[in-house]
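Here our numbering is used: the sequence shown runs in plain steps of one and ends on residue 604.
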Amino acid sequence: MDHIRNFCIIAHIDHGKSTLADRLIQRCGAVETREFRDQILDSMDLERERGITIKANTVSMPYTAKDGRTYELNLIDTPGHVDFSHEVRRSLMSCEGALLVVDASQGVEAQTVANLYLAMEFDLEVVPVINKIDLPSADVDRVMEEIDRDLGLDPFASIQVSAKLGTGIDDVLEAIVQQLPPPPGDPAAPLRALLFDAQYDAYRGAVLQVRVFDGVVRAGTRIRLMHSGQEHKVEEVGYQRLKHLPAPELSAGEVGYVLAGVKSLSGLAIGDTLTEVERPASEPVPGYREAKPVVFSSIYPMATDDYEDLTRALEKLKLNDASLTYEKDSSAALGFGFRCGFLGLLHLDVVQERLEREHALSLILSAPSVRYRIVMNDDSDVWVDNPTFYPDPASIKEAHEPYIKAAIMTPERYLGVVMELCRERRGVDTTFNYLAAGRMEVVSQLPLAEVLFDFYDRLKSITQGYGSFDYELLDYRLGDMVKVDILVNGEKVDALSQLVHREFSRPRALRYCERLAKTIPRQQFKIAIQGAIGGKVIARTTINAYRKDVTAKCYGGDISRKRKLLEKQKEGKKKMKMVGAVEIPQEAFVSVLRTEEENGR
Numbered sequence: 004m005d006h007i008r009n010f011c012i013i014a015h016i017d018h019g020k021s022t023l024a025d026r027l028i029q030r031c032g033a034v035e036t037r038e039f040r041d042q043i044l045d046s047m048d049l050e051r052e053r054g055i056t057i058k059a060n061t062v063s064m065p066y067t068a069k070d071g072r073t074y075e076l077n078l079i080d081t082p083g084h085v086d087f088s089h090e091v092r093r094s095l096m097s098c099e100g101a102l103l104v105v106d107a108s109q110g111v112e113a114q115t116v117a118n119l120y121l122a123m124e125f126d127l128e129v130v131p132v133i134n135k136i137d138l139p140s141a142d143v144d145r146v147m148e149e150i151d152r153d154l155g156l157d158p159f160a161s162i163q164v165s166a167k168l169g170t171g172i173d174d175v176l177e178a179i180v181q182q183l184p185p186p187p188g189d190p191a192a193p194l195r196a197l198l199f200d201a202q203y204d205a206y207r208g209a210v211l212q213v214r215v216f217d218g219v220v221r222a223g224t225r226i227r228l229m230h231s232g233q234e235h236k237v238e239e240v241g242y243q244r245l246k247h248l249p250a251p252e253l254s255a256g257e258v259g260y261v262l263a264g265v266k267s268l269s270g271l272a273i274g275d276t277l278t279e280v281e282r283p284a285s286e287p288v289p290g291y292r293e294a295k296p297v298v299f300s301s302i303y304p305m306a307t308d309d310y311e312d313l314t315r316a317l318e319k320l321k322l323n324d325a326s327l328t329y330e331k332d333s334s335a336a337l338g339f340g341f342r343c344g345f346l347g348l349l350h351l352d353v354v355q356e357r358l359e360r361e362h363a364l365s366l367i368l369s370a371p372s373v374r375y376r377i378v379m380n381d382d383s384d385v386w387v388d389n390p391t392f393y394p395d396p397a398s399i400k401e402a403h404e405p406y407i408k409a410a411i412m413t414p415e416r417y418l419g420v421v422m423e424l425c426r427e428r429r430g431v432d433t434t435f436n437y438l439a440a441g442r443m444e445v446v447s448q449l450p451l452a453e454v455l456f457d458f459y460d461r462l463k464s465i466t467q468g469y470g471s472f473d474y475e476l477l478d479y480r481l482g483d484m485v486k487v488d489i490l491v492n493g494e495k496v497d498a499l500s501q502l503v504h505r506e507f508s509r510p511r512a513l514r515y516c517e518r519l520a521k522t523i524p525r526q527q528f529k530i531a532i533q534g535a536i537g538g539k540v541i542a543r544t545t546i547n548a549y550r551k552d553v554t555a556k557c558y559g560g561d562i563s564r565k566r567k568l569l570e571k572q573k574e575g576k577k578k579m580k581m582v583g584a585v586e587i588p589q590e591a592f593v594s595v596l597r598t599e600e601e602n603g604r
């Protein structure tokens, strides 16, 4: 066990985690040169296209140190985006040390600090790495000052590298071996292995990624999942070298995969502990926390026949993405679907894209919303994340909305516009701290609903890309929430209802009405599209009727002839409007809800 090192790479977005992982893998020869490609641990097409890491990925690498001893290095590459912090937390539980990467030109940013706190929560040994020293804009002295002042780490212990050029990679590997501790654990104790990730293989069932804390697991062992109580027989164990490399056993301290013919996905929970049936452990591995979704949206299949496929797809995706939650939902306009909970808008976007790509589904998503706490007149609490279940306003005593503490790091020259953005989004208790020369941290308490749509993009554009943003949930506070209904020809459309702050209700309703007016086809009668709070209409657009020219055959003669024909037409249209129903095409929902998203982007 002295020759094993389990470590992960943590950093802010775009500071070079995946590139550093590439260089370490190349230097250790874990992958043959002809099979190597950039971002090798980003196995999803979506990750490679967007240039971000979504899933934490593991690889075992053999490394011969300068002292001649051979070590087994287990690397876990983690995402940097705030929406995937749950993924980072799971990875940190499997490690004893972390490389904290800081960009030599950007310096310490919001997620750098957040990820350091996560690493400290799990008592990890942290080695700072200053990356991108080859850039013309690199300022290593300033970054070392920030590492000292903002992170409280020893700047002289930091290693300067250029992952792109491969400079300083040997120093990083030596630091991993010398500075990071070996894993604790007892190979003779009863088996305890943490299930920190899983993938579904159509031929072999679920592939379980585990970190063994105590004991040994080998083929033929009967294992039990401590949370669900399910029992399985192990078929194969081994190491993850991008391909599966079978091994006779996985011992305490090691990270690898377990195949146990798990076909039913319902009992698998990421964070569960595996133990032996004959000699069970007394307690599971501690420290796992359930992900708490903050953004909610309903997903419906475009064709109702695809509902079963969507059910299976979500079950498989849930295995690979533990932070996704879902429950059955239905809508009068869109049929059966699922109400899903996400950790943020990027998470929602990624889940939608994965369902459409990996499972070939066409989907409609309702407008994202957050979870509100409603206090009724009898002082009972009701939690609402779906506008359809919003109680009658007469029975509501008060409504509370979730607030977040947002930490925004920005160059000093953008302080004014950042504070204006926070004020615009109903930010309170906005304070600012000076970090290093010319860098500020703005801390503001904002309603989560205001951050949902385009806050991050607006921040990036007003700070010319230099601003970075991290947040944590604070509490629930009193808010003036209203339910805005959209009515088409006097009929409510349940899929388009939304909960918004009273101040923003009219612009939001007007935007929905205008978009619907562009996509609903014209009829023989006028169609009114209205936004209403209860019985009070706050916004309206009208789709004009097709009108036949009934006076075409009247040439000359008295004007009363024309007037008589027009009056007759008017009566007919009035009658038609009373009995006519407006069919809202599927495309109208898609365009309204998608445009909202694109507008947000």
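C-beta: ideal position from N, C-alpha, C; glycine also.
Euclidean distance between Cα positions of residue i and residue j
i	j	result
Arg604	Asp352	Because the pLDDT of Arg604 is 39, which lies under 50, any placement of that residue in the model is unreliable, and the number read from its coordinates should be weighed accordingly. When rounded, the distance between both Cα atoms is 11 Å.
Val446	Thr433	6 Å
Ser369	Tyr303	8 Å
Asn602	Phe507	For Asn602, the predicted structure reports a pLDDT of 45, less than 50, and the residue's modelled location is therefore unreliable. The matter cannot be settled from this model.
Leu176	Ala68	8 Å
Arg376	Ala250	51 Å
Lys556	Arg564	11 Å
Asp142	Glu404	42 Å
Arg282	Tyr260	21 Å
Ser333	Met96	38 Å
Val609	Val280	Coverage of the chain is limited to positions 4 through 604, which leaves residue 609 absent and any answer about it impossible.
Asp173	Arg30	8 Å
Gly538	Leu490	11 Å
Lys295	Glu239	34 Å
Val540	Lys400	23 Å
Ala160	Asn9	20 Å
Val62	Ala122	20 Å
Pro394	Leu346	25 Å
Gly171	Ile162	7 Å
Residues bridged to residue i [DSSP beta-bridge criterion]
i	result
Asp384	Val378
His504	Met484
Ser285	Answer is none; Ser285 lacks a bridge partner.
Ser97	None, per the DSSP bridge assignment.
Met412	Glu444, Ser471
Phe435	Val445
Ala201	Leu211
Thr61	Ile79
Phe299	Gly344, Ser372
Asp478	Tyr406
Tyr66	Tyr74
Glu279	Ile226
Thr544	Ile532
Backbone secondary structure at residue i - three-state DSSP
i	result
Val210	strand
Val354	helix
Ala191	coil
Leu103	strand
Glu234	strand
Met658	Since the first residue of the chain shown is 4 and the last is 604, residue 658 is not available in this structure.
Arg8	strand
Lys521	helix
Cys343	strand
Leu327	coil
Lys463	helix
Val215	strand
Lys551	coil
Glu257	coil
Ile179	helix
Thr73	strand
Gly241	strand
Gln163	strand
Pro186	coil
CB contact below 8 Å: residue i versus chain C
i	result
Lys529	No chain C is present in this structure, which holds just one protein chain.
### Message
Whether or not the segment 149-157 and the segment 109-128 are in contact is what I'm after, with contact meaning three or more pairs of Cβ atoms, one per stretch, closer than 8 Å; do they touch?
### Response
Remark: three or more beta-carbon pairs, one from each stretch, lie closer than 8 Å, so the segment 109-128 and the segment 149-157 are flagged as touching.
### Message
For the structure I just gave you, are there three or more beta carbon pairs, one from the segment 200-217 and one from the segment 128-142, closer than 8 Å?
### Response
Not touching, per the Cβ criterion.
### Query
Counting Cβ pairs, one atom from each stretch, are 3 or more of them under 8 Å apart for the segment 17-31 and the segment 162-170?
When C-beta atoms of the segment 17-31 are compared with those of the segment 162-170, three or more pairs fall below 8 Å, so the two segments count as touching.
### Task
Report yes or no: do the segment 501-521 and the segment 532-544 share at least 3 C-beta pairs separated by less than 8 Å?
Flag = yes, the segment 501-521 and the segment 532-544 touch.
### Query
How do the segment 190-199 and the segment 280-289 stand: do at least 3 beta-carbon pairs fall below 8 Å, yes or no?
Yes, since at least three Cβ pairs between the segment 190-199 and the segment 280-289 fall closer than 8 Å, the two stretches touch.
### Query
Contact between the segment 468-475 and the segment 409-419: three or more CB pairs below 8 Å?
Contact between the segment 468-475 and the segment 409-419 is present: 3 or more CB-CB pairs across the two stretches fall below 8 Å.
### Message
With three or more beta-carbon pairs closer than 8 Å as the criterion, would you say the segment 375-395 touches the segment 496-505?
### Response
Yes, since at least three Cβ pairs between the segment 375-395 and the segment 496-505 fall closer than 8 Å, the two stretches touch.
### Query
Can we say the segment 308-319 touches the segment 356-370, given the rule of at least three CB pairs closer than 8 Å?
The segment 308-319 is in contact with the segment 356-370.
### Message
Measuring CB atoms only, is the segment 72-79 touching the segment 219-235, in the sense that at least three cross pairs come out at less than 8 Å?
### Response
The segment 72-79 is not in contact with the segment 219-235.
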